[in-house]
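Chains as they are written, first to last, in my numbering: chain A, 1 to 436; chain B, 437 to 872; chain C, 873 to 1308.
C-beta atoms are modelled at their ideal positions from N, C-alpha and C, and glycine is treated no differently.
Below is one structure; the comments refer to it alone.
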Amino acid sequence: MNYWVKIVFSLLILIPLLCSPSSFAAAVSPEMFAVNNTWMLVATFLVFIMHLGFATLETGLTRSKNTVNILFKNTLIVAIGILTYALMGFNLMYPGEFSLGQFFGFAGFGIGTDAAGLTSAYNEGYTYWTDFMFQAMFAATAATIVSGAVAERVKLHSFLIFSTIYVAIIYPLVGSWKWGGGWLDEMGFYDFAGSTLVHSVGGWGALAGVLLLGPRFGKYVNENINPIMGHSMPLATIGVFLLWLGWFGFNGGSVLSANPGMVSFVFATTTLAAAAGIVGAMFTSWSIQKKPDLSMVLNGCLAGLVGITAGADTVSIASSVIIGFFAGILVVLSVILIDRIRIDDPVGAISVHLVCGIWGTLAVGIFSTNPEHSFGVQLIGVLAAGAMCFTSAFLIFGLLKLTLGIRVSQDEELRGLDVGEHGMEAYNGFQIFTTQ
Amino acid sequence: MNYWVKIVFSLLILIPLLCSPSSFAAAVSPEMFAVNNTWMLVATFLVFIMHLGFATLETGLTRSKNTVNILFKNTLIVAIGILTYALMGFNLMYPGEFSLGQFFGFAGFGIGTDAAGLTSAYNEGYTYWTDFMFQAMFAATAATIVSGAVAERVKLHSFLIFSTIYVAIIYPLVGSWKWGGGWLDEMGFYDFAGSTLVHSVGGWGALAGVLLLGPRFGKYVNENINPIMGHSMPLATIGVFLLWLGWFGFNGGSVLSANPGMVSFVFATTTLAAAAGIVGAMFTSWSIQKKPDLSMVLNGCLAGLVGITAGADTVSIASSVIIGFFAGILVVLSVILIDRIRIDDPVGAISVHLVCGIWGTLAVGIFSTNPEHSFGVQLIGVLAAGAMCFTSAFLIFGLLKLTLGIRVSQDEELRGLDVGEHGMEAYNGFQIFTTQ
Amino acid sequence: MNYWVKIVFSLLILIPLLCSPSSFAAAVSPEMFAVNNTWMLVATFLVFIMHLGFATLETGLTRSKNTVNILFKNTLIVAIGILTYALMGFNLMYPGEFSLGQFFGFAGFGIGTDAAGLTSAYNEGYTYWTDFMFQAMFAATAATIVSGAVAERVKLHSFLIFSTIYVAIIYPLVGSWKWGGGWLDEMGFYDFAGSTLVHSVGGWGALAGVLLLGPRFGKYVNENINPIMGHSMPLATIGVFLLWLGWFGFNGGSVLSANPGMVSFVFATTTLAAAAGIVGAMFTSWSIQKKPDLSMVLNGCLAGLVGITAGADTVSIASSVIIGFFAGILVVLSVILIDRIRIDDPVGAISVHLVCGIWGTLAVGIFSTNPEHSFGVQLIGVLAAGAMCFTSAFLIFGLLKLTLGIRVSQDEELRGLDVGEHGMEAYNGFQIFTTQ
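Printed below as a string of structure tokens:
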């Protein structure tokens, strides 16, 4: 039997004792509501930090001639993600039902702006606006994941159009299947914080984009697979640490309240999975590549985090270490394999977010302490999300390819997208001193 | 005598009141006080992060030969800001009245060190020390804004002297007019988190400094306006993301409690304005400059944030998008215009903080949902702060110019302030590898 | 007499009054527990950020040919620290008594996984998992401190083995003397957040490592002391700001609850000490070196923070400024002196963490407002920790030197550890543009 049930049960007993006999009938106390909401806002800004993490990670793992372009894309995606989520994503994702009047702009500016949306009458864990903010920060991450995979060759305006559609419609649609109380939820599918609903959604989009774009110029020449190294490992490392930091909010906030037992447990599983992912990737990289590769270890950390995301609240501490460790192994093998089959993913986004997103979702079916979770249903969720996301991303990118084009000219690619798309360079007048 | 004893004593009195029927007469419960204070401390460290944001933004947008100097200035300003605020700024700004005994060092170590300062008897939202910390972090930002505009040519010691005086006296003086309950407050002037009281105060100081310093060598030669590009766009982007992050505390903390409805609403307006600022700047830059400029988009983000700061709690969600979008347009036009009239502001500080600070303050008069706010009074506040700040900054910089000098020698400027002022360089022995 | 005793005593009296007659015999209200636990989780992620701070600081202050190696080490240390702390450190450090069954893996998966560990029955300030997470983040910092001092010449696998043993056994052992309720605690030794138990522990390990490794090639040649400059001052500055940020959690979390008066007081002393450390280091550096050195000022900030860590809750506000200012002076003198006696510490870790850790611990004996704290007992703590840590670090590094070796070959050192240990470089294909 599940010890969480016991905790919840004990807490249920405690609540009526808490203050006067009749006061808190249906809602939590104002104090508890304030704590919950404060934690959710903290989680919101932590997820926000992930966007800086993605920006620096992708920049670090690519070439300096495309740096401005990547920074630009990642800045814009946050803005587009938040604005489109305000316009339609939030309402599309959560009510679970479709009605045109309820569809745009905070349900026609209904509940959000009335008093109930700002008290625990809306939700015991947070206000309407906290809800929107937390979910909007999530939405933008899905598109950012695509950004890394298509980097160094995608046309800026086509990518921005893709992102807008993907974040505004596809992400909330798939999300509504589970988090909006849709059919996957009814089947018993479980995805705590989004191994599938966020990371795989991004990963499938990345795969579709990369297949339609083709590899970067010079990556695969005749029989050779040429590594194209990133230009700044400090930036890449900063990115991974910031992503890890943000994950405390990504997973910790997915508890949807400040529940001390639950949030702290999720902190522990999340962190241990990340640490185990690092160690797993190190051993794998050291064995296969003979020397321990920093970018593999960094991806190992993210792999552990993506892997634990689906089940952070429902697997044991020991299982979290296993899930993370295995994700760390998996990501190294996947990066090597995907490169070998000539799919060019500059930052390893497909391996981290798609492969480990699938692994994490299935791991719930294997390791969950909740007997209602089943491997079969988890697999259905993985496949359904995959079919929907890959198909629609392929369609969107495909239509863009036929119309506006999605790939810059070879000349622009060689010269760099910074000059081609933005007319500026990232490290202008950077002087290096040679005292030593 | 020991103030802890007093605290405990006060607590003893409060507790019995806590659960009895009539308990919440004047103060909040210890639980609510703890939530409020925790949120305010979180907001404090978020505002602290802004200093790192300013440091990296300014560094990124300037040349590498002045990098050590900029990092040095920005590190020192935090220290000077906090120490002078402890010494006098805090007491000058808040009591609203002037008395020498109440003026220095936490009111002669009065209220701060007694028990009431650490309970909700001081304030329902935070303790005395939280109050000091939060406000001290704000104070230092005003001087940091100046730092960016005068970069690459200002003498280090003169700038440090200016900063000390400006933060210790001018910032708290102007702040007291509104936040200390002074004459602007009595008139009905509204400035939620400081579009005028922080950003314009910094912006006017920047304008005065730049006018007295003159442009950087080589910027305006004959008829030519020569762009001087920053040396690291990743650093600049990191800076803007950190500033946005910090703004969650800057505006969110200005609620002065963890009030769930209010803080989450402010999070939403702040974020939507930033996102709209990005998009507004992108369209403007893409139209005028033909290619979307990253630094313009980054400034668009900050413009949106500065713009929403005065009215984040008092305008509607839709208005926040409009205010931010317009700020994003405004900042691009302003950066171009200010350059054209040969005012050399390396990082666009005047456009972001002064122009958009004014816009944000006036926007309260246009968009506020509170009928008591008026455009006229907002304009008076803008002009009064401008007259005071510009005049005093001009005087301080002017006196320094006549005495110590404010500009480094041309030789030092050409060689870089890093060697001239600090005898060291920022990127010593930085090796670049050319595998690719 | 001890005012803490009084507070605790009073609180004990208060609790029964808090709500209904019989419900919360021994614990705080669920609301207060939730606030406390939320703050402790925030403090946990703040301490986590310190690891990124250490990584960027060390990277910035060393040469670019060793950058990948440093980033790798610092990433691995976090993972190793957390995993070994889960395996044994946590249980070794806190129960205070040694029993094999209670020793490994969360006390044989006992208390941690039962319901009580997740409520205030475990602790009024946090859950079992929060406790583990917060302490685990601390544990990893001790090894990271060593990393900076031995940088640019230590063999990767030997360092990882050292770190594992040091974090798994030595750190928790010494920590248990005070924080586990051991003999130093019983003597009345005071170390609020770890000037000795964390920083000196790291510092002694650093000293032992550096003595056994010897200086970097080319550092001391004949009579000359050759400065080896760091390759990126922006990275170093980012590191210090992130460390300062993290310290709000390091010290603020050491209150072990969200107690408003206490946490805000600790925020104030911590920040004022950091600010004073910056100013102290600036004046000292400006006097001795004629020009104000940025790296000295950055170390001055850290010196102030390390200095205040032992007594942040028990010295007055004025004392915190004095402690920080003096630490800022001390660190500059120490860096110069240690270099002069030909101990090669690339980042100044020994001066910052050991010298100022000792200073901070002794400062409690001088400045504490608690008369029970005595200089003599503080000195005993310093010496006992020093003897234990230095000896054991010397033994571990010594055994590694005799077996696996601890220093890379001279050829590898000259070429850089990035190529030698990892087969990759940090700034590959980094292009610089020369418009200006």
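Residues that residue i bridges to, as DSSP identifies them
i, result
"Asn-437/A", "Summary: the structure shown does not reach residue 437/A, with chain A confined to residues 1 through 436, and so no result is reported for it."
"Val-221/A", "Asn-224/A"
"Val-1026/C", "Arg-1279/C"
Nearest-angstrom beta carbon gap, residue j and residue i [assumed within contact, 8 Å]
i, j, result
"Ile-842/B", "Leu-649/B", "6 Å"
"Val-198/A", "Ala-281/A", "With a Cβ gap of about 21 Å, Val-198/A and Ala-281/A do not count as contacting."
"Asp-854/B", "Lys-509/B", "Wrong, their Cβ atoms sit about 12 Å apart, outside the cutoff."
"Val-315/A", "Thr-369/A", "7 Å"
"Ala-1184/C", "Val-1224/C", "Incorrect: roughly 17 Å between the Cβ atoms, too far for contact."
"Gly-230/A", "Thr-44/A", "About 30 Å separates the two Cβ atoms, so there is no contact after all."
"Ala-642/B", "Ala-585/B", "4 Å"
"Ala-1023/C", "Ala-899/C", "Actually they do not touch by this definition, with Cβ atoms about 47 Å apart."
"Ser-631/B", "Gly-760/B", "12 Å between Cβ atoms; not a contact."
"Ser-700/B", "Trp-129/A", "4 Å"
"Asn-505/B", "Leu-592/B", "7 Å"
"Leu-1166/C", "Thr-928/C", "Going by Cβ atoms, the distance from Leu-1166/C to Thr-928/C rounds to 15 Å, so no, they are not a contact pair."
"Leu-1202/C", "Cys-1228/C", "6 Å"
"Ala-268/A", "Ala-906/C", "Wrong, their Cβ atoms sit about 17 Å apart, outside the cutoff."
"Val-919/C", "Tyr-1062/C", "That pair is no contact at about 20 Å."
"Ala-1221/C", "Gly-1075/C", "7 Å"
beta-carbon residue i near the ligand MG non-hydrogen atom, thresh 7 Å
i, result
"Ala-1146/C", "What this structure holds is no ligand at all, so the ligand MG is not there to describe."
Which residues of the segment 903 to 935 of chain C have a Cβ closer than 9 Å to any Cβ of chain B? Give them in chain order. Glu-903, Met-904, Ala-906, Val-907, Asn-908, Thr-910, Trp-911, Val-914, Leu-918, Arg-935
Would you list, in chain order, the members of the segment 218 to 232 of chain A that have their beta-carbon closer than 9 Å to a beta-carbon of chain B? Gly-218, Asn-226, Pro-227, Ile-228, Met-229, His-231, Ser-232
Counting only Cβ-Cβ distances shorter than 9 Å, please list the residues of the segment 1127 to 1160 of chain C near chain A, keeping chain order. none
Taking 8 Å as the threshold, find out whether the segment 71 to 80 of chain A comes into contact with the segment 947 to 956 of chain C through three or more Cβ pairs. no
For a minimum of 4 consecutive residues, which ranges assigned as the alpha helix (DSSP H) are wholly contained in the segment 1118 to 1164 of chain C? 1132 to 1161
Is it a yes or a no for the segment 1293 to 1302 of chain C touching the segment 1048 to 1064 of chain C, going by three-plus beta-carbon pairs under 8 Å? no
Can you give me, in chain order, the residues of the segment 733 to 753 of chain B that have a beta carbon less than 8 Å from any beta carbon in chain A? Val-733, Leu-734, Cys-737, Ser-752, Ile-753
Residues in the segment 992 to 1016 of chain C having any Cβ partner in chain B nearer than 9 Å: none
Just by C-beta distance, which residues in the segment 848 to 867 of chain B are closer than 7 Å to chain C? Glu-857, His-858, Gly-859, Met-860, Ala-862, Tyr-863, Asn-864, Gly-865, Phe-866, Gln-867
With a threshold of 8 Å, are at least 3 pairs of Cβ atoms found where one atom belongs to the segment 480 to 499 of chain B and the other to the segment 672 to 688 of chain B? yes
Using a Cβ-Cβ cut-off of less than 9 Å, list which residues of the segment 508 to 525 of chain B approach chain C; keep chain order. Phe-508, Asn-510, Thr-511, Leu-512, Val-514, Ala-515, Ile-516, Gly-517, Ile-518, Leu-519, Ala-522
Residue ranges of each alpha helix (DSSP H) within the segment 1161 to 1188 of chain C, 4 or longer: 1166 to 1181
Output the residue ranges of the alpha helix (DSSP H) runs that lie fully inside the segment 134 to 198 of chain A and measure 4 residues or longer, sorted by chain position. 156 to 165, 171 to 178, 183 to 187
Secondary structure, alpha helix (DSSP H): runs of 4+ residues fully inside the segment 51 to 94 of chain A: 67 to 84, 90 to 93
Within 8 Å, do at least three Cβ pairs link the segment 1005 to 1019 of chain C to the segment 1035 to 1044 of chain C? yes
Return the residues of the segment 360 to 380 of chain A that lie within a Cβ-Cβ distance of less than 8 Å from chain B, sorted by chain order. none
Residues of the segment 669 to 687 of chain B with Cβ closer than 9 Å to any Cβ of chain A, in chain order: Met-669, Pro-670, Ala-672, Thr-673, Ile-674, Val-676, Phe-677, Leu-678, Trp-680, Leu-681, Phe-684, Gly-685
In the segment 317 to 347 of chain A, which residue ranges form an unbroken beta strand (DSSP E) of at least 3 residues, counting only runs that do not cross its ends? none
Whole runs of the alpha helix (DSSP H) within the segment 354 to 428 of chain A, excluding any shorter than 4 residues: 356 to 367, 375 to 402, 410 to 415
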